[in-house]
Every structure is written in C-alpha cells, then in structure tokens.
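Numbering (the working numbering), first residue to last: 169 to 309. The beta-carbon is built from N, C-alpha and C at its ideal position, and this holds for glycine as well. All values reported here derive from a predicted model rather than from experimental measurement. Structure first, commentary second.
Right under this line is the structure:
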C-alpha cells in the first residue's frame, strides 16, 4: 500500500518592514511552527508571484498581509485576492500595527480570515494557524 504524505502549506508574508518580517519568522519559531515562509516586501510583487502560472505548484496555503505598504495597500491586495477565482480560497490574515475599528471591519468585509495587531505573540499565530480548517503545519519538537 502506497502512503501519501501530507505536505504542510507554504505561508506567504507580504510585509514592507524587514524588521517586522524577521519578528514574524522568529514568532513562528517560538510558536514551534516550521512552515516555509515566502516574504514579499510589497503587494505588487506578491500578486505578480501569485498570478504567474509557473508558480501554480508553489502557491501559499495561507497569506499574512500588512495593510500599510507602498505601491499597493494590503486592502487593495486583499480585494484582488478575493476577486480572483484561483486565489479567493487562500486564507488571508491581516497583520498590522493598526488598532482602528474601521480597519478591522474593512478587513473582515473584504474577506480576511483574521486580524492580528503587531507586536505578534506566538499564541496568536498558533491560534490562527491551528484554528484554520485545512491548514497543515509543521511542529518543531
């Protein structure tokens, strides 16, 4: 009998701050989550990657998205993701410094799965990743 291994999903982080990207990765490690993370520092590059047919087998299973970015805001990226038949089912977590109720409501209205304010705590990431149906993740022992 042939065993099929279940691969953990890739994460995509769209974050224009190198420091915040580092903190995100460190927080994943502290949460003992070892999924591969692809980082883009702006929404245009992230969307280009997602729409490139040569990346079809490397699409993320979950996207973490900052709101305030140059060129294309996180809200614009989220709108485009949720209006694309091929990408709309990828869970998107907003990851931002904003604590404005308006931003929270807009994120959910546009289809975000969750809204996490920086600074991120390991238990916040664990709750989101573990609580999302269909998301496979690697746990560091």
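Give the single residue among the options whose Cα lies nearest to the Cα of residue i.
i, options, result
"residue 237", "183, 189 and 177", "183"
"residue 218", "241, 243, 203 and 253", "253"
"residue 271", "210, 234, 257 and 259", "234"
Return the chain-ordered list of same chain residues with a C-beta closer than 6 Å to the C-beta of residue i, the five sequence neighbours on each side being excluded.
i, result
"residue 180", "206, 228 and 231"
"residue 275", "262 and 283"
Since residue i contacts residue j with CB under 8 Å, what's their CB separation in whole angstroms?
i, j, result
"residue 203", "residue 221", "The pair is not a contact, with the Cβ atoms about 23 Å apart (cut-off 8 Å)."
With respect to the alpha helix (DSSP H) encompassing residue i, which residues constitute its N-terminal and C-terminal limits?
i, result
"residue 215", "211 to 219"
"residue 273", "269 to 277"
In chain order, what residues of the same chain have a beta carbon less than 8 Å from the beta carbon of residue i, not counting five sequence neighbours either side?
i, result
"residue 278", "243, 246, 247 and 250"
With a CB to CB cut of under 7 Å and the five nearest residues on each side skipped, what residues in its chain are close to residue i?
i, result
"residue 255", "218 and 249"
"residue 193", "205"
Could you please give the first and the last residue of the uninterrupted beta strand (DSSP E) stretch that includes residue i?
i, result
"residue 282", "282 to 285"
"residue 181", "179 to 182"
Rounding to the nearest angstrom, what Cα-Cα distance links residue i and residue j in this structure?
i, j, result
"residue 208", "residue 214", "6 Å"
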